[in-house]
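The structure appears right after this line, and notes come after that.
Protein chains: 4
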Amino acid sequence: MARTVGSNGARTAKAIREAGVHLIYKHGYEAMSLRQLAAEVGLQSGSLYKYFENKQSLLFDIVRDHMEDLITRAEAAMDGVEGPIARLKAYVDFHLRYHMTRSAHVFIANMEIRSLEAPHRATVVEMRRRYEGMLEQALREGAAAGLFRVPEPKVATYAIISMLTGICMWYRSDGRLSQDALVALYTDLVLEGVSRPEGVAMPDVVAALPSPAGRRRARA
Amino acid sequence: MARTVGSNGARTAKAIREAGVHLIYKHGYEAMSLRQLAAEVGLQSGSLYKYFENKQSLLFDIVRDHMEDLITRAEAAMDGVEGPIARLKAYVDFHLRYHMTRSAHVFIANMEIRSLEAPHRATVVEMRRRYEGMLEQALREGAAAGLFRVPEPKVATYAIISMLTGICMWYRSDGRLSQDALVALYTDLVLEGVSRPEGVAMPDVVAALPSPAGRRRARA
Amino acid sequence: MARTVGSNGARTAKAIREAGVHLIYKHGYEAMSLRQLAAEVGLQSGSLYKYFENKQSLLFDIVRDHMEDLITRAEAAMDGVEGPIARLKAYVDFHLRYHMTRSAHVFIANMEIRSLEAPHRATVVEMRRRYEGMLEQALREGAAAGLFRVPEPKVATYAIISMLTGICMWYRSDGRLSQDALVALYTDLVLEGVSRPEGVAMPDVVAALPSPAGRRRARA
Amino acid sequence: MARTVGSNGARTAKAIREAGVHLIYKHGYEAMSLRQLAAEVGLQSGSLYKYFENKQSLLFDIVRDHMEDLITRAEAAMDGVEGPIARLKAYVDFHLRYHMTRSAHVFIANMEIRSLEAPHRATVVEMRRRYEGMLEQALREGAAAGLFRVPEPKVATYAIISMLTGICMWYRSDGRLSQDALVALYTDLVLEGVSRPEGVAMPDVVAALPSPAGRRRARA
DNA sequence: AATGAATGAGCATTCATTCAT
DNA sequence: TATGAATGAATGCTCATTCAT
């Protein structure tokens, strides 16, 4: 019998990718078996190797492509936005909407870094740093302009990103609150959190922080 | 040979638990093998079964005990603290210090919930809800007292806890910033984020939120 | 190496089944290991799982298929045979020849019922009941016709079947006695055992038996 | 703490033996674990080795003791009984009652011979031969005296013993039929099966049997 | 007489992967 | 493009057995 009309490699490749995302999201990379994946797309497990080199590279492909997409879209969202406050708002808005829309990919990229082999992990970590850097930059500029109260931009970056990313652990598109409402709520939390209020001094312990200058290690 | 001189059940049990935490933290529950664990404590893998029923219950024991410890200590930390602001500060302080001190346990409890079988997972999720409830309660009281600007206490709870918990992803005890400094930084972010500033109105979209009253589903 | 030249699924499946019968017959189901079985057919033990779901289902497949074969052939052997005496003879003849020819299968079906998990066991027990029912029916009809002296057809059924089945414990095809001779000997024992002799009364204790009517439990 | 009053080795030994019989009967020798056995008598599994050398010798002890008991009692039951018919009746009577009373032991001795290592098995097989020999002897004498129609006493022996032994597969002491009734039924089957009826010739095929004289192999 | 800690071999089963067809 | 047969290593787990205490 000839092949089914329209049954072609590209379609299968896409089906594998989607089933892979779904299964890794649901069971975790280690717990997902290639037999399951093959069954999901109606193949024998050996046939998957036409579409990827091995299980590890399936994961890497998924995570790398996701990170590229994330960065590309973030840059597009921030493109042309002027001023630290507007840029911070744009970042928060983008990050939240992206995480609500593509929660499975995001979840995988956050949870399965551990399952990536060292070189792959390094690549992904570097991409994540670039993405986080966009937020850090906005915070630094806002602080320099006297708009934000962020003595430690790196810490604030981690804090804000953790807070925003957490949304993909519980957000459901059929929930009571709309995406717009949630964006408004989080934006408010973030903006108030970092904005300089009139006449409020930094706590002493922060004022006495050692200077970050000259340190070598990437993380505080 | 039967028994190493000086071998001792309680000591072995403790060693297994610690090695288990370490290996699950490092490789993930699925990726850790009991042979690895046994090797770490100098046993044959079959001998581990004197100390737990199976791999799953090792994980559950670790997570459950951690959650019990977390809740007990949180309650102790909040005990006698009066007023929403003070209570919020106490919660943030406790949460951060605990997460900086026991980051492996915390990491496991957050990451490996997925690896728990349904009934175990239900138990842990319930415990987590109780722990989160302490924060939510403080936020609600603060809002009711007109101190906090939190139209959606549940969302704010998730947001704050995500932000704080994120610290265990990067904190190193030998880092540049002390625990005190980090606590001060995060406390500032949280407090400013939720405090009611003079004459600042809610964003329109939040003001127009549907009332949470009467909804049945647990999550927003 | 992937595939031995000329290897063939159907052939392997048959080889596994036969080796399985042989090993279970020789060592017992519990004592047979799948490594042994795999070695017998020249495979790695994991490869067996292409051919059965698990060890238990290998046993069940063997026993079920045997029972189906037994019943089908018994019905064929009895088909068209008229009259209780002729039917009893046909049953004895069939049963003996079958048990002499396929003693390994028969042995397994009798000995390893205990090793079947409950639902499988129930299925097999039900099939056995059907097979035994054919003999019981012949005995009942002969008794009703005044030809047989069987006050308790169920007991007589068990007795006769036990007697006949015992042959597979010692029969060897290269023994001194031919199948025909053995069939003649057993037929004689059975026929004389149940036939009504002239003027011979039942022993008193049997005459005084409680009526089986109305009892619920299947077995005497 | 001192030992419990009356807790002594002999009592424990007996408990182990009984639990062993029970568990082997229920699960089979291979499937029974010494942990189960130990738990049944309230010991640690290592402690069992004060009472037997190893698992195999527990089985052998059980089977050997049972066979000794069987033979001793059979000899006592036949002692002083005169004449082939009376002796045959006495054997049948004894065998049935013994098998109804001690069905677990009997079952084990029949089913687990396969699990005995070669030398142990040889011992048990020899004992069984002695026990069967008592029946064979009675049949031979009855045939020689012209009372029985048994051209092949060995075959008849196997047939009768199989038939009688089968009772322990289904007999329940709370069944509808009493032991006396069952003994009467089986005795009747056996006696009629082997007794010489007036003017009934042997079937041709049996009349033409090769003489058993001079053969070496133990089984027909 | 019994414990309890441990061994080391073995088990059924699953896995990612290979490759001739 | 896909199959299906197979590998070989690994996994979680159970077992009979040992022996210092």
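In order, the protein sequences belong to chains R, Y, D and W. With the numbering used here, letter number 89 in the first sequence gets 89, and the count goes up by one each step, no holes. With the numbering used here, letter number 194 in the second sequence gets 414, and the count goes up by one each step, no holes. With the numbering used here, letter number 185 in the third sequence gets 625, and the count goes up by one each step, no holes. With the numbering used here, letter number 181 in the fourth sequence gets 841, and the count goes up by one each step, no holes. We put the CB at the ideal spot given by N, CA and C, even for glycine.
- Annotation for D/M551: G468 place their beta carbon closer than 8 Å to its own, counting only its chain and skipping 5 residues before and after.
- By the neighbour-count criterion, in which 16 or more other beta carbons inside 10 Å mark a residue as buried, Y/R255 falls on the exposed side.
- In this structure D/I511 touches D/R570 by the C-beta definition: roughly 6 Å separates them, less than 8 Å.
- Pairing D/A450 with D/R542, the inter-Cα distance amounts to about 22 Å.
- Residue pairing for W/S855: DSSP places it in a beta bridge opposite W/F808.
- In this structure D/R527 is buried. Its beta-carbon is surrounded by 16 or more other beta-carbon atoms within 10 angstroms.
- Under the Cβ criterion of 9 Å, W/T825 is counted among the residues facing chain D.
- Restricting attention to alpha helix (DSSP H) runs no shorter than 4 residues, the segment 2 to 59 of chain R encloses them at 9 to 27 and 34 to 41, ordered along the chain.
- Residues Q276 of the same chain have their beta carbon placed closer than 7 Å to that of Y/E337, with the five preceding and five following residues left out of the count.
- Interface annotation, R/S115: in contact with chain Y, CB-CB separation under 9 Å.
- The beta carbon of R/T157 lies closer than 7 Å to those of E132, L135, E136 and L139 in the same chain, with the five residues before and after it left out.
- Out of D/Y531, D/L604, D/M507 and D/A583, the CA that lies nearest to the CA of D/M567 is found in D/M507.
- Residues of chain D with a Cβ closer than 7 Å to the Cβ of W/M771 are, in chain order, M551.
- In the three-state reduction of the DSSP assignment, Y/L384 falls in the helix class, which pools H, G and I.
- When the alpha-carbon of R/P151 is set against those of R/R64, R/F107 and R/V194, the nearest one is in R/V194.
- DSSP places R/I108 in the uninterrupted alpha helix (DSSP H) bounded by S103 to M111.
- In the displayed model, Y/S393 falls within coil according to three-state DSSP, outside both helix and strand.
- The beta carbon of Y/P371 falls within 9 Å of a beta carbon belonging to chain R, placing the residue at that interface.
- The three-state reading of DSSP puts D/G520 in coil, since its state is none of H, G, I, E or B.
- Around the C-beta of D/R612, fewer than 16 other C-beta atoms lie within 10 Å, and the residue is accordingly described as exposed.
- Under a criterion of Cβ atoms nearer than 7 Å, no residue of chain D is adjacent to W/Y709; the nearest Cβ is some 22 Å distant.
- Residue state for D/E557 is assigned as coil, using DSSP reduced to three classes.
- At a cut-off of 9 Å between beta carbons, D/M609 contacts chain W.
- In terms of beta-carbon proximity, R/Y131 stays away from the interface with chain Y, with every pair separated by 9 Å or more.
- Interface with chain R (9 Å Cβ-Cβ cutoff): Y/L409 is included.
- In summary, W/E852 is buried, with 16 or more beta-carbon neighbours lying within 10 Å of its beta-carbon over all protein chains present.
- Taking the Cα of W/I821 as reference, the smallest distance to any Cα among D/P524, D/L629 and D/A562 is reached at D/L629.
- For Y/G266, not one C-beta of chain R is nearer than 9 Å to its own C-beta.
- Nearest CB-CB separation between Y/I381 and chain R: below the 9 Å threshold.
- Not a single CB atom of chain R sits nearer than 9 Å to the CB of Y/E346.
- Between the beta-carbon of R/F107 and that of R/Y186 there is about 18 Å, and that puts the pair past the 8 Å contact cut.
- For W/Y846, a Cβ of chain D is located within less than 9 Å of the residue's own Cβ.
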